[in-house]
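Engineer: In terms of our numbering, the sequence shown opens at residue 3 and continues consecutively.
Dumping the structure here so I can ask a few things about it.
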Amino acid sequence: MDERQALAAFAALGQEHRLRVVRALVTAGPDGLAAGVLAETVNVAGNNLSFHLKELSHAGLITSRREGKSVIYSAAYAGLSDLVQFLMRDCCQGHPEVCAPAVAALAACDCTTGETAHA
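The structure is reproduced here in structure tokens:
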């Protein structure tokens, strides 16, 4: 992820409804949520939700797929991981212990599936 892509992702996340959408989709895991369920979950009207979903999709933070008549939205774990890696890339100026809590928290999540590893 380059700086331009990171800025687009942060701009998309910088709005409360979009941040709620991403958090809801991360919580839902790779199965995702149907648009109607997602609208109810984040308490946003369907017509407003579509605008927010478009912004998040353009930023590479969510994906969608059609299942029958429903559109299912999921977190784009690769895009979210890239964003975190962008932030942590030059972390700690040679002092990895500073970043250890963040690294440990990320290690607990399998970002390919969205599931949390249990020790």
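A virtual CB, placed ideally from N, CA and C, is assigned to each residue, including glycine.
Looking at LEU58: is its Cβ nearer than 8 Å to the Cβ of VAL28?
Structural biologist: In this structure, VAL28 does not lie closer than 8 Å to LEU58 by Cβ.
Engineer: According to DSSP, which residues form a beta bridge with ALA77?
Structural biologist: Its beta-bridge partners are ILE64.
Engineer: Use the C-beta contact count for LEU89: other C-beta atoms within 10 angstroms, 16 or more gives buried, fewer gives exposed.
Structural biologist: Exposed.
Engineer: Under the DSSP definition of a beta bridge, which residues are partnered with ALA36?
Structural biologist: Partner(s): ILE74.
Engineer: Could you tell me the alpha carbon to alpha carbon distance between ALA14 and VAL44, rounded to whole angstroms?
Structural biologist: Cα to Cα, ALA14 sits roughly 16 Å from VAL44.
Engineer: Tell whether a beta-carbon distance below 8 Å holds between GLY48 and ALA36.
Structural biologist: No, Cβ-Cβ distance for GLY48 and ALA36 is not below 8 Å.
Engineer: Among residues of its own chain, excluding the 5 on either side of GLY34, which ones have a beta-carbon nearer than 7 Å to its beta-carbon?
Structural biologist: LEU27, ILE74, TYR75 and SER76, listed in sequence order.
Engineer: So, at 8 Å on beta carbons, what are the nonlocal neighbours of LEU21 in its own chain, with the 5 sequence-adjacent residues on each side left out?
Structural biologist: Hits under 8 Å: LEU15.
Engineer: Whole angstroms are fine: how far does the CA of ALA11 sit from the CA of LEU55?
Structural biologist: Between LEU55 and ALA11, the C-alpha separation is close to 13 Å.
Engineer: Here's the rule I'm using: 16 or more other beta-carbon atoms within 10 Å means buried, otherwise exposed. How should ALA102 be labelled?
Structural biologist: Answer is exposed; the Cβ neighbour count stays below 16.
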